[in-house]
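Residue numbers (the UniProt record's numbering): 1 to 105. For glycine and all other residues, C-beta sits at the position ideal for the given N, C-alpha and C.
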């Protein structure tokens, strides 16, 4: 688990947490984040979770346009296989990404 960051946001801030599928597609340009929140009892907060999943047959791989200068870091796999790995690793992002990494580390 990473280090927690205390953030001061604008009252109208819009925060997007990037998931691990987008990390794979972006060839690690975007990093998947474990989302943890410490609530503030002095201020109201509204949170809306919206999850988008591709179909099980969808191919998850680094976008070719992002691999022109850098080689792909992850192997191709379908979303069903990604979910199987994700669940088998108890949602441990480091273990999941290592499992599909082309470098093996």
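From what residue to what residue does the alpha helix (DSSP H) around residue 109 run?
What the structure shows of the chain is the stretch from 1 to 105, and residue 109 is not part of that stretch, so it cannot be assessed.
Are three or more beta carbon pairs between the stretch 87 to 101 and the stretch 15 to 29 nearer than 8 Å?
When Cβ pairs closer than 8 Å are counted between the two stretches, the stretch 87 to 101 is seen to touch the stretch 15 to 29, the count reaching three or more.
Minimum C-alpha distance to residue 17 - residue among 53, 70, 49, 28
Residue numbering aside, residue 17 sits at position 17 when the chain shown is read from its first letter. The residue with the shortest Cα to Cα distance from residue 17 is 49.
Let's test the definition: count the other Cβ atoms within 10 Å of the Cβ of residue 62 and tell me whether it reaches 16, buried, or not, exposed.
On the chain shown, residue 62 is found 62 positions in, with the first residue counted as 1. Residue 62 is buried by the Cβ-count criterion.
Proximity to residue 78 [Cα-Cα], best of 98, 53, 69:
In the chain shown, residue 78 corresponds to position 78, counting from 1. The residue with the shortest Cα to Cα distance from residue 78 is 53.
For residue 51, count the other beta carbons within 10 Å of its own beta carbon; 16 or more makes it buried, fewer makes it exposed. Which is it?
Counting from 1 along the chain shown, the entry for residue 51 is found at position 51. Classification of residue 51: exposed, given that the 10 Å Cβ count is below 16.
Taking the alpha carbon of residue 100 as the reference point, which residue from 88, 87, 80, 76 has its own alpha carbon closest?
Indexing the chain shown from 1 puts residue 100 at position 100. The option with the nearest alpha carbon to residue 100 is 76.
In terms of DSSP beta bridges, what is residue 50 paired with?
Along the chain shown, one-based indexing puts residue 50 at 50. Note: residue 50 sits in no beta bridge, so no partner.
How many angstroms separate the CA atom of residue 46 from the CA atom of residue 34?
Taking the chain shown and counting its residues from 1, one reaches residue 46 at position 46. Taking the chain shown and counting its residues from 1, one reaches residue 34 at position 34. Approximately 19 Å between the Cα atoms of the pair.
Measure the C-alpha to C-alpha separation of residue 12 and residue 39 and round it to an integer number of angstroms.
Position 12 of the chain shown, counted from the start, is the residue given in the question as residue 12. Position 39 of the chain shown, counted from the start, is the residue given in the question as residue 39. Cα to Cα, the separation comes out at about 17 Å.
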